[in-house]
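Structure, as structure tokens:
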Amino acid sequence: MLKLLKWWWLFIKNIIVLIGPEGTGKTTIGKLLASHFNVNQYTLDRHRDELYNEMGYDAIHAKNLFADGGIWALYSYWKPFEAFSVKSIKRT
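Here the sequence shown stands for residues 0 to 91, where the numbers follow numbering that gives the first Met the number 0.
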């Protein structure tokens, strides 16, 4: 598995993006990969507000979506913001 990861790491030019719902282990896996490949880890959780706000994220709307439609309604709203955030992170 590590040999495959090393090849993949070189192929994607030192960028690994883990996307998924909260609580699924992305940060934990990211820490392990960052440690193994001796690189910095950037977690969206710490920067979500600032990155999402650049694109016009509405926290009240998100809260209402969650209240009315549950987690999947919220995730549907989040998806464009996640894509924008990944692009922003790649530029840094």
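Built from N, CA and C at the ideal position, the CB exists for glycine as well.
Please report how far the alpha carbon of residue i lies from the alpha carbon of residue j, in whole angstroms.
i: Tyr74; j: Phe65; result: 9 Å
i: Phe36; j: Val16; result: 14 Å
i: Ser87; j: Thr23; result: 23 Å
i: His46; j: Val38; result: 18 Å
i: Lys62; j: Val85; result: 23 Å
i: Asp93; j: Asp57; result: Since the first residue of the chain shown is 0 and the last is 91, residue 93 is not available in this structure.
i: Trp6; j: Ala72; result: Because the pLDDT of Trp6 is 48, which lies under 50, any placement of that residue in the model is unreliable, and the number read from its coordinates should be weighed accordingly. Each residue's Cα considered, the two are about 37 Å apart.
i: Gly29; j: Asp67; result: 32 Å
i: Phe83; j: Gly19; result: 15 Å
i: Asn52; j: Trp77; result: 12 Å
Buried or exposed, going by whether 16 or more other CB atoms sit within 10 Å of the CB of residue i?
i: Phe80; result: buried
i: Leu50; result: buried
i: Ser34; result: exposed
i: Phe10; result: The predicted model places Phe10 with a pLDDT of 49, which falls under 50 and marks its position as unreliable, so this point remains unresolved.
i: Leu43; result: buried
I'd like the span of the alpha helix (DSSP H) that includes residue i, first residue to last.
i: Pro44; result: The question names Pro, but residue 44 in the sequence shown is Asp. It spans Leu43 to Glu53 - the alpha helix (DSSP H) in which Asp44 sits, taken as one unbroken run.
i: Leu31; result: Lys25 to Phe36
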